[in-house]
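**Q** Protein sequence lines correspond, in order, to chains A and B. For the first sequence, this note's numbering begins at 0 and goes up steadily by one. For the second sequence, this note's numbering begins at 495 and goes up steadily by one. Before we start, here is the structure in question, set down as structure tokens.
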Amino acid sequence: MSSTEIDRQWTTRLRHRVARRLPPEKMLPDTQPAYVASWIYVFGVTTLSALAVVILSGFILALKGPQWWHTSGIGHFVNSLHLWSVEIFFFAMVIHLWGKFFMAAWRGGRSLTWVTGVVTFLTSIATAFTGYVSQTNFDSQWISTQAKDGINSTGAGSFFNVLNFGQMLMWHIVLLPLAAVILTAVHVLMVRAKGVVPPFEEKVEAR
Amino acid sequence: MSESPDVTVAPWTGPQRPYDIIKEGTIAFLVVAILTIGLALVFSSPDDPQVTIQQWSTKTPIDFAQTALSELNGTSGTAHYGAPYNTASAGQKLGPLTLAKWLGATIPVNTVRDFVLSPLESQPAVPPLSTALAQWKGASPAQRTAWVDAYTKAAGKMTFVNSTVTVPTTAAGPVPVMINSLEQLARSGALDQALVTQNGFYTSNFTLPLLFLADGSYLSDLAQQRHLLGTQWGMMNETGNYPGQAWLWMYTFWYQVPPFSSSTNADVEVWGIMMLLSLLLLLVPFIPGVRSIPRWTRVYRLIWRDHYRTQEV
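Structural data, given as structure tokens:
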């Protein structure tokens, strides 16, 4: 087999591309530009950390099924961890989003990083919503019977039935978290590949 | 469209500072985990028990019976909902667009069959219920309508005495027995089961009991007491004194203001607005003017104040 043939392989080309765009020093950096020194940068990693706690607490809830937390003190505590980590997650994520807006963090070829961040935010809202309607208590009964009108009015209710507990639970614990985690991973890799957006040069004029 | 000023950004050639990404991630995770544990220990989480149809019919028997009647005479919210449950109405419109109607009744619900007849037929065939059901089945549609109309006309004087629903009419054929039997079925707890088991042994679909519950006043009365109605900004509230889905503030905001607060198409209109705003948020980097707001506001000088201070020095 010639080296040219090997170079043309999909695997080889993918490896070269990944190595070129995400070399180890970008993936696991040991230095940052000096301007990356503000409290606002804390909220990105806080969002990621809260997501990790959300997923870990969700894993524990999944071990015993969707109704365990109503009858077990430990289950209720794990549910509380799940709730509060979600609240921290959204709090940090919204501040992160506004921070990035005022930095115009899409500059310098970083538009897709912004786009993946917004899609992750919207996906997270859908994930949280399906969690609320999967609680198997009064809250889920009320929220689902109210939310159905909004979703049905768009036509989406034809295939996304918020009154179908089984369907909502599957979306909540499989499809949407998978999407949110993949989107988050892509978002973080984009940040690592492009680096943190530098400050504005004050001489640039607004258009 | 003007050329974006954001495309070319000079790469950073200034000083670097040490950065331990693994250490930062580990510390952040530990801090968030400890904060979460603390919040969970101190504040716990809400868990108001589920409402059953048995509970509803026991606590407010007249409301249940009136709702059962509305399912029979076609005046309930579900009976004239339209898509995806039936074709009784065109549903909400976004301008000329009837989005739900286009997709059709994909989750068919017939309130007479699903909420009244099927649950009653699932019970042992003993008189007077079996006689009433046989009389109903043997009647013409016009006769059934006449019975239901007679019952509906007298339903304003409905009473619930000695565990029996009574309406002062003799022209309603089998309807009084059917409504009263459904009431007894509900109060025994059997209706909760009859509604969810219509799809077989295993089921995780609660569309029917939830629609039935939502057609009555009991569920919404409880929600009102907990400040969960749409008019109470309920979409972002939570049972008890807990933070709810605060991130839905803008979504619920539109329901509080005209013209949406009184629009019969509010749901689809608010969804349309939120979809549009979400799209705008997504496309911020590409929208002239919007993408320049950070430059105009100069909030970034607060974020990078050390950097600019160093430059000025």
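Beta carbons: idealized from backbone N, C-alpha and C, even for Gly.
(1) Of all Cβ atoms in chain A, is any one closer than 8 Å to the Cβ of B:Y794?
(2) Thinking A:P28 and B:I515 are a contact (beta carbons under 8 Å), I'd like their distance in whole angstroms, please.
(3) Closest Cβ-Cβ distance between A:E86 and chain B: below 8 Å?
(4) Could you check the C-alpha separation between A:A33 and A:P197 for me, to the nearest Å?
(5) Could you tell me whether the Cβ atoms of A:L162 and B:L704 are closer together than 8 Å?
(6) Which first and last residues belong to the alpha helix (DSSP H) in which A:V17 is found?
(7) List, in chain order, every chain B residue whose beta-carbon is nearer than 9 Å to that of A:H69.
(8) If the criterion is Cβ atoms closer than 8 Å, does the pair B:Y745 and B:A760 meet it?
(9) Would A:S71 be called buried (16 or more neighbouring beta carbons within 10 Å of its own) or exposed?
(10) Give the DSSP bridge partners of B:Q510, in chain order.
(11) Would you say A:D29 reaches chain B, if we count a Cβ-Cβ gap shorter than 8 Å as a contact?
(12) I'd like the span of the alpha helix (DSSP H) that includes A:T158, first residue to last.
(13) Using a C-beta to C-beta distance shorter than 8 Å, which residues of chain A count as neighbours of B:D557?
(14) Would B:P613 count as contacting chain A if we go by Cβ distances under 8 Å?
(15) For B:P509, would you say it is in contact with chain A, using Cβ-to-Cβ distances shorter than 8 Å as the test?
(16) Please go through the same chain and pick out, in chain order, the residues whose beta-carbon is closer than 7 Å to the beta-carbon of A:T126, but skip the five residues on each side of it.
(17) Going along chain B, which residues have a C-beta under 8 Å from A:L162?
(18) Verify whether the separation of the beta carbon atoms of B:A740 and A:L80 is less than 8 Å.
(19) Return helix, strand or coil for B:T701, following the three-state DSSP convention.
(20) Going by beta carbon distance, what residues of the same chain come within less than 8 Å of A:G107, once the five residues before and after it are set aside?
**A** By the coordinates alone:
(1) True, the Cβ-Cβ gap to chain A drops below 8 Å.
(2) The pair is a contact, with the Cβ atoms about 6 Å apart (cut-off 8 Å).
(3) Answer yes: the Cβ-Cβ gap between A:E86 and chain B drops below 8 Å somewhere.
(4) Taken atom to atom, the span from the alpha-carbon of A:A33 to that of A:P197 is near 10 Å.
(5) In this structure, B:L704 lies closer than 8 Å to A:L162 by Cβ.
(6) Here the alpha helix (DSSP H) through A:V17 covers W9 to R20.
(7) Residues of chain B passing the Cβ test: D541, P543 and Q544.
(8) Against a cut-off of 8 Å, the Cβ pair of B:A760 and B:Y745 comes out as no contact.
(9) Here A:S71 is exposed: its Cβ has fewer than 16 other Cβ atoms, across all protein chains shown, within 10 Å.
(10) Looking at the DSSP assignment, B:Q510 forms a beta bridge with A:P32.
(11) Output row for A:D29: interface = yes.
(12) Sequence inspection shows Phe at residue 158 of chain A; the Thr mentioned does not correspond to that position. Boundaries for A:F158: no alpha helix (DSSP H) harbours it, and the DSSP string shows neither H nor E there.
(13) Here the premise fails: no neighbours, minimum Cβ distance about 16 Å.
(14) Cβ-Cβ to chain A under 8 Å: no for B:P613.
(15) Judged by the 8 Å Cβ criterion, B:P509 is in contact with chain A.
(16) These residues qualify, in order along the chain: H171, L175, P176 and A179.
(17) Residues of chain B passing the Cβ test: N699, F700, T701, L704 and L705.
(18) No, these two residues do not count as a Cβ contact at 8 Å.
(19) Shown here, B:T701 sits in a helix according to DSSP, grouped into three states.
(20) Take A:G107, set aside five residues on each side of it, and the residues of its chain with a beta-carbon closer than 8 Å to its own are K193, V196 and P197, in chain order.
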